[in-house]
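Colleague: In our numbering, the protein residues as written are 243 to 363.
Here's a structure for you.
Below, the structure written as structure tokens:
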């Protein structure tokens, strides 16, 4: 439900019967809130993609100019996250950059120890 008024409107998002609240208005641009919402969105996307959601985590590191979102997963799920020709991970990177950019800060999405998944020829 979306209300109109003083800028402190509340939007309730329902998924599988569970509710979470996100406040709109000035708090939409609060970097701490945005970082947490981006982490939540990433975690939800990943849980739909991977075979082992309990083995996949998103870690957030805040630097002086850039926020790093780091995905840690098991090797069996790496291909699902990367997708065909890297399209899935690139799409997620685009979404993260757009969500954080609208709040006024830069963000990067990486897969932890990505080199461990690359086959050596």
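C-beta atoms are modelled at their ideal positions from N, C-alpha and C, and glycine is treated no differently.
Source: prediction; values computed, not measured.
Have a look at 288, 272, 277 and 350 and flag the residue whose alpha-carbon is nearest the alpha-carbon of residue 316.
Modeller: Along the chain shown, read from residue 1 onward, the residue named residue 316 stands at position 74. When only C-alpha atoms are compared, the closest one is 288.
Colleague: Three or more C-beta pairs closer than 8 Å, one from the stretch 288-300 and one from the stretch 308-315: is that the case here?
Modeller: These segments touch.
Colleague: Could I get the ranges of all uninterrupted alpha helix (DSSP H) runs contained in the stretch 292-335, with 4 residues as the minimum, in chain order?
Modeller: Runs of the alpha helix (DSSP H) inside the stretch 292-335: 317-324.
Colleague: Taking DSSP as the reference, what is the three-state secondary structure of residue 349?
Modeller: Position 107 of the chain shown holds residue 349. Strand at residue 349.
Colleague: With distances taken from CA atoms, which of 342, 346, 285 and 323 is nearest residue 356?
Modeller: Within the chain shown, numbered from 1, the residue matching residue 356 stands at position 114. Closest by alpha carbon: 323.
Colleague: Check each candidate in 328, 277 and 291 and name the one with the smallest Cα separation from residue 349.
Modeller: By 1-based counting over the chain shown, the position of residue 349 is 107. Residue 349 has its Cα closest to that of 277, out of 328, 277 and 291.
Colleague: By the 10 Å Cβ neighbour count, where 16 or more other Cβ atoms means buried, how is residue 338 classified, buried or exposed?
Modeller: To locate residue 338, count along the chain shown from 1; it is residue 96. Buried is the call here.
Colleague: Once DSSP output is grouped into helix, strand and coil, what is the label at residue 244?
Modeller: Mapped onto the chain shown, residue 244 falls at position 2. Note on residue 244: pLDDT 42, under 50, position unreliable in the model; no value is reported.
Colleague: Return yes when the Cβ of residue 302 is within less than 7 Å of the Cβ of residue 335, no when it is not.
Modeller: Here residue 335 refers to the residue found at position 93 when the chain shown is read from its first residue. Here residue 302 refers to the residue found at position 60 when the chain shown is read from its first residue. For residue 335 and residue 302, no; Cβs fall outside 7 Å.
Colleague: Quick one: grab the DSSP three-state call for residue 275.
Modeller: Your numbering for residue 275 matches position 33 in the chain shown. In this structure, residue 275 counts as helix in the three-state DSSP scheme.
Colleague: Report, in whole angstroms, the separation of the C-beta atoms of residue 271 and residue 346, which I expect to be a contact under 8 Å.
Modeller: The residue given as residue 271 occupies position 29 in the chain shown. The residue given as residue 346 occupies position 104 in the chain shown. That belief holds up - the Cβ atoms of residue 271 and residue 346 are roughly 7 Å apart, short of 8 Å.
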